[in-house]
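Reading through the structure tokens given below for one structure.
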Amino acid sequence: MDDYLVGVLSNIGVISFIALSAYLLLLIGAISFGQQAFFAIGAYAAGIATALWGWPLWLALGWGAAMGGVAAVLVGLPTLRLHGLYFAIATLAFAEMVRLLFEQFRYQVTIDGEPVGPNGTDGFRGIRYIFENDVGPLQFLALIYGLLAVVLAGLMLLERSRLGAAFRMIGEDPTLAALNGIAVARAQLLAAALAGALAGLGGGLYAHLTTYLEPRIFDVMLGVHGLAYGLIGGLGTALGPLIGVLIDIGMLESIRVFAGYRMIIFGGLVAVLLIVRPRGLLDERLVHRIGRACSGLFGRPRPDKNGAERKPA
Amino acid sequence: MVDFVQNTLDGVMTGSSYGLLALGFTLIFGVMRRLNLSYGPSIMIGAYLGTLVYVQLSAGPLVVIAVTLLGAVLAGLYVERLCFAPMAAGAGVASMVSSFAIWMQLEQAAVLALPRHTYPFPPLATGAPLNLGPFLLRVDHLIMLTGALALSACVHLLIYRSHFGLGLRAIINNPVAAHLVGINVRAAIVRAFALASAVGGVAGYLVLAVDQQVTPMFGMWATIKGLIAMMIGGLGSIPGAILGGLLLGVIEAHSQWYFGPHIRDLFAYLALFACLALRPGGLLGEALHEPFERGA
Amino acid sequence: MLEISDLVTAYGKIEALKGVSLRAESGRITCLLGPNGAGKTTLMMSIAGILQPQRGAIRLDGVELTGLTPARIVTAGVALVPENRLVFPRMSVRENLLAGAYQRKDKAEVAIDAERMYARFPRLRERREQLAGTLSGGEQQMLAVARALMSRPRVLLMDEPSLGLAPLVVAEIFRIVAELNRDGTTIFLVEQNAHMALQVAHHFFLMEQGRVTFSGTPGQLAEDEVIQRAYLGARRAG
Numbered sequence: 411m412d413d414y415l416v417g418v419l420s421n422i423g424v425i426s427f428i429a430l431s432a433y434l435l436l437l438i439g440a441i442s443f444g445q446q447a448f449f450a451i452g453a454y455a456a457g458i459a460t461a462l463w464g465w466p467l468w469l470a471l472g473w474g475a476a477m478g479g480v481a482a483v484l485v486g487l488p489t490l491r492l493h494g495l496y497f498a499i500a501t502l503a504f505a506e507m508v509r510l511l512f513e514q515f516r517y518q519v520t521i522d523g524e525p526v527g528p529n530g531t532d533g534f535r536g537i538r539y540i541f542e543n544d545v546g547p548l549q550f551l552a553l554i555y556g557l558l559a560v561v562l563a564g565l566m567l568l569e570r571s572r573l574g575a576a577f578r579m580i581g582e583d584p585t586l587a588a589l590n591g592i593a594v595a596r597a598q599l600l601a602a603a604l605a606g607a608l609a610g611l612g613g614g615l616y617a618h619l620t621t622y623l624e625p626r627i628f629d630v631m632l633g634v635h636g637l638a639y640g641l642i643g644g645l646g647t648a649l650g651p652l653i654g655v656l657i658d659i660g661m662l663e664s665i666r667v668f669a670g671y672r673m674i675i676f677g678g679l680v681a682v683l684l685i686v687r688p689r690g691l692l693d694e695r696l697v698h699r700i701g702r703a704c705s706g707l708f709g710r711p712r713p714d715k716n717g718a719e720r721k722p723a
Numbered sequence: 040m041v042d043f044v045q046n047t048l049d050g051v052m053t054g055s056s057y058g059l060l061a062l063g064f065t066l067i068f069g070v071m072r073r074l075n076l077s078y079g080p081s082i083m084i085g086a087y088l089g090t091l092v093y094v095q096l097s098a099g100p101l102v103v104i105a106v107t108l109l110g111a112v113l114a115g116l117y118v119e120r121l122c123f124a125p126m127a128a129g130a131g132v133a134s135m136v137s138s139f140a141i142w143m144q145l146e147q148a149a150v151l152a153l154p155r156h157t158y159p160f161p162p163l164a165t166g167a168p169l170n171l172g173p174f175l176l177r178v179d180h181l182i183m184l185t186g187a188l189a190l191s192a193c194v195h196l197l198i199y200r201s202h203f204g205l206g207l208r209a210i211i212n213n214p215v216a217a218h219l220v221g222i223n224v225r226a227a228i229v230r231a232f233a234l235a236s237a238v239g240g241v242a243g244y245l246v247l248a249v250d251q252q253v254t255p256m257f258g259m260w261a262t263i264k265g266l267i268a269m270m271i272g273g274l275g276s277i278p279g280a281i282l283g284g285l286l287l288g289v290i291e292a293h294s295q296w297y298f299g300p301h302i303r304d305l306f307a308y309l310a311l312f313a314c315l316a317l318r319p320g321g322l323l324g325e326a327l328h329e330p331f332e333r334g335a
Numbered sequence: 126m127l128e129i130s131d132l133v134t135a136y137g138k139i140e141a142l143k144g145v146s147l148r149a150e151s152g153r154i155t156c157l158l159g160p161n162g163a164g165k166t167t168l169m170m171s172i173a174g175i176l177q178p179q180r181g182a183i184r185l186d187g188v189e190l191t192g193l194t195p196a197r198i199v200t201a202g203v204a205l206v207p208e209n210r211l212v213f214p215r216m217s218v219r220e221n222l223l224a225g226a227y228q229r230k231d232k233a234e235v236a237i238d239a240e241r242m243y244a245r246f247p248r249l250r251e252r253r254e255q256l257a258g259t260l261s262g263g264e265q266q267m268l269a270v271a272r273a274l275m276s277r278p279r280v281l282l283m284d285e286p287s288l289g290l291a292p293l294v295v296a297e298i299f300r301i302v303a304e305l306n307r308d309g310t311t312i313f314l315v316e317q318n319a320h321m322a323l324q325v326a327h328h329f330f331l332m333e334q335g336r337v338t339f340s341g342t343p344g345q346l347a348e349d350e351v352i353q354r355a356y357l358g359a360r361r362a363g
């Protein structure tokens, strides 16, 4: 596999974490323009862990995810109770504050006579774990997709679980959900924590993939792209956001012809899609229909409208 | 003490243009209950057209301002058509995200058309600043302040004393009842969009003329400033928009004096975040309680 | 005369109006009674153009109103005093009245009409510069009626004017309804308060579960049966 393809696929894999992070919040009805903040926190945390503290990669990635999750809970506490519009703007404000704080953040340790570490706007160079430990691009790619697969499996299990149903109920109507006995505030915080951890994990992977971080990368555009991926690909399933990522990075960024016009096409695509399919390509209704068709194919008895079991003809 | 007053004066002057930006934002939000994140970028399109006539045709400031205005209005109507008009009631999220998507589109289109990082803008005034006792007042800042105040007064008159304004306020108060008294709500919304874009166009011109240049970052900058000022002042409140703008300007001026430009931006966002966490309705607005119009 | 024929209005797949037919004769007070959820407000909103019916027709003196925008329906001469009043809370009483006359171009006549409203509703005159949101329930109801009248409608629709009001105030509202009708306005009125409604109505319809189930004059049906069906529906009456 040539390097360019490996690079694109790695990119797709890493960005998928942000897309899934925003998706998880969309499930509970929260629009976040700020998941890039947790992506950044995870990236810096994991980068510092391997480059400055000499931690192994798996521990650093976990640390990044944990930091993302904790930060998300801290932000979520005062904001999740807000009306959706205020919440969205609050996430925007928070993420920009994080970016600006990273511009001031300096933490350097001397290793082998050289200062290593985040240096404000000059960035954080030298996250060289994968080079120092002979992890080739293909192996890292496998790591990214391995983790992504685990996350996807987890999310799909979540969707079938009571918790997943609770999330969607909160997304539909929090008052109704509360009346049905769901602890709304706790569920929201849990979703926020998971989303933050997901973004943090992605950030950690990103840091080691590119070996270089600077605050400029983690701007509003990144967050809005993450949000847009779910809205394009569909909110019916965790695969939806991945389709969004594929369309943007896989198609638009990689195919030369489109490259110069990527935002124009992507922007227009999002706008048009939101008119005709406001919940994305793989929206809840389509996924539900696919689910029923598949069960029919496999001959499993499906309860009909009146609850009686009925085998398909 | 002198510094404090000087900074406050400077803050009020820059804040007056933030107030105009917030005014445009709040007009759109008031009538549609949706946030237009392409507001800044549509003003930027106007500004790019303005700089084009300035550079290519050596146009005078009046022409530049007219072209900027027109461009902003046209871009604003494009956004309205694509992101707001076709969305069914209840698709507030979709509109907001769609407007952000069009932002990306407009920004790239502008950069493709005019690829240099910065383009010149005609200045508001040249010459030495005025001395008012121990304080220094830049002439172009003063013009910006007067322009902003004059425009705010005009918009106020329009909203509170004209027939069109009565209709807009009715829609802002209760859209269903507005339909019931025979207001053509759809047409009024389009006109409100055009008005908001025009106000934004003037605000943009004033700011860029003081800066004497326009960059592709302007779209985002204008949106963020307008958004913060609007939220501090109170969503959907017209006097709140001006007040929020002035307050933001003052906060920024003082932060910049003591901590420099990066911390200044940090304080602006912090003010916004604190406002949302503690008093989402802002100073003069009402806190929203109805469920946010979710994506379909 | 306002004529509704086989009107069907649905919310998504759920039909709230399943083929409603009725008439409000010119110069008369026609009343629509029925339990909650029968579809009365849906009918009013459909006539006013806020909701678009799927099938059927709405005609005013033979002119088709179905499918028109709410603004055009006001031009045609139909004005609705909506359920829950829906005054413009942060506008003054005076501005609310002006808004009611939004489409009219005859400024002098509008000013005269406003004076007429103040004469008919003296409490509104007292409060003319007050914000409508600060008025009492009864005053808001009067404002809502006055606002609707400002468009000089041929037919005045009223959706539950007595809702949430004290009995004395309700009596005054109905006195005004009768007075308006005497002065020539056709009134089509939806009410939960069957007793008061039957005092003023010339003709009434009973609506249950999206259909008209009875049409007649007060007195044709024993009042307690009417009241039972208006509150509870046919299944539990008699």
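Chains as they are written, first to last, in the working numbering: chain A, 411 to 723; chain B, 40 to 335; chain C, 126 to 363.
We put the CB at the ideal spot given by N, CA and C, even for glycine.
State buried or exposed for Thr53 (chain B), treating a residue as buried only when at least 16 other CB atoms are found within 10 Å of its CB. buried
Go through its chain and collect everything with a Cβ distance to Leu683 (chain A)'s Cβ below 6 angstroms, but skip five positions before and after it. Ile642
Kindly indicate which residue of A:Glu624, A:Gly660, A:Ala575, A:Tyr414 has the alpha-carbon position closest to the one of Gly591 (chain A). A:Ala575
Could you check whether the Cβ of Ala335 (chain B) sits closer than 9 angstroms to any Cβ belonging to chain A? Confidence is the limiting factor: at Ala335 (chain B) the pLDDT is only 27, short of 50, which leaves the residue's position unreliable, though a coordinate-based value still follows. Chain A contact via Cβ: present.
For Tyr555 (chain A) and Gly610 (chain A), the rounded distance between their alpha carbons: 16 angstroms
Between the C-alpha atoms of Glu719 (chain A) and Ala563 (chain A), what's the straight-line distance to the nearest angstrom? Confidence at Glu719 (chain A) is low in this model, with a pLDDT of 43, below 50, so the placement of that residue is unreliable and no value is reported for it.
Alpha helix (DSSP H) containing Arg245 (chain C): first to last residue? 232 to 245
Excluding the 5 residues preceding and the 5 following Ile182 (chain B) in the sequence, name in chain order all residues of the same chain whose CB lies nearer than 7 angstroms to its CB. Leu163, Ala164
Under the DSSP definition of a beta bridge, which residues are partnered with Thr262 (chain B)? Paired residue(s): none; Thr262 (chain B) is not in a bridge.
C-beta neighbour in chain C for Arg208 (chain B), strict 9 angstroms: yes
Which chain B residues are close to Ile175 (chain C), counting only those with a beta carbon under 8 angstroms from its beta carbon? Val215, His218, Leu219
9 angstroms Cβ cutoff, Val194 (chain B) in contact with chain C: no
For Lys143 (chain C), the three-state DSSP class (helix, strand or coil): strand
Spatial neighbours of Gly478 (chain A) within its chain, please: CB distance less than 6 angstroms, with the 5 preceding and 5 following residues excluded, ordered by chain position. Phe448, Ile451, Gly452, Gly606, Ala607, Ala609, Gly610
Ser287 (chain C) by DSSP, collapsed to three states: which one? coil
I'd like the span of the beta strand (DSSP E) that includes Gly181 (chain C), first residue to last. 180 to 185
Would you kindly work out how many angstroms separate the C-alpha atoms of His328 (chain C) and Ile139 (chain C), rounded to a whole number? 29 angstroms
What are the start and end residues of each continuous alpha helix (DSSP H) run of 4 or more residues lying completely inside the stretch 550 to 586 of chain A, in chain order? 572 to 582
For Leu322 (chain B) versus Gly284 (chain B), is the C-beta spacing smaller than 9 angstroms? no
Excluding sequence positions up to five away, which residues of its chain have a Cβ less than 6 angstroms from the Cβ of Leu314 (chain C)? Cys156, Met283
Along chain C, which residues have their Cβ under 8 angstroms away from the Cβ of Ile228 (chain B)? Those within 8 angstroms of Ile228 (chain B) in chain C number zero; the least Cβ separation is about 13 angstroms.
One or two residues paired with Cys156 (chain C) in a DSSP bridge: C:Leu314, C:Phe329
Residues near Tyr413 (chain A) by beta carbon distance below 8 angstroms, same chain, minus five either side: What sits at residue 413 (chain A) in the sequence shown is Asp, not Tyr. Cβ neighbours of Asp413 (chain A) beyond the five flanking positions: Pro547.
Would you call the stretch 261 to 275 of chain B and the stretch 453 to 472 of chain A in contact, with 3 or more CB pairs under 8 angstroms? no
Can you grab the Cα-Cα spacing for the pair Phe541 (chain A) / Met673 (chain A), in whole Å? 33 angstroms
With 16 other Cβ atoms within 10 Å as the buried cut-off, status of Ser201 (chain B): exposed
Find the residues of chain B that neighbour Ser276 (chain C), judging by a C-beta separation of less than 8 angstroms, and give them in chain order. Val220, Gly221
Partner residues on chain C for Asn212 (chain B), Cβ-Cβ distance less than 7 angstroms: Phe213, Pro214, Arg215, Met216
Using only the alpha-carbon positions, how far apart do Thr647 (chain A) and Leu568 (chain A) sit? 11 angstroms
Does any CB atom of chain C fall closer than 9 angstroms to the CB of Val224 (chain B)? yes
Assess, as a yes-or-no matter, whether the stretch 77 to 91 of chain B is touched by the stretch 100 to 107 of chain B under the definition of 3 or more beta carbon pairs within less than 8 angstroms. yes
Close Cβ partners of Leu247 (chain B) (< 6 angstroms) along its chain, the five nearest in sequence each way excluded: Ala86, Phe160, Val253
Within this structure, are the beta carbons of Thr191 (chain C) and Ala201 (chain C) separated by less than 9 angstroms? no
Against chain B, does Glu569 (chain A) count as a neighbour if the rule is that its beta carbon must be under 9 angstroms from one of theirs? no
Grab the span of the beta strand (DSSP E) containing Asp131 (chain C) for me, first residue to last. 127 to 136
If the criterion is Cβ atoms closer than 9 angstroms, does the pair Met270 (chain B) and Tyr671 (chain A) meet it? no
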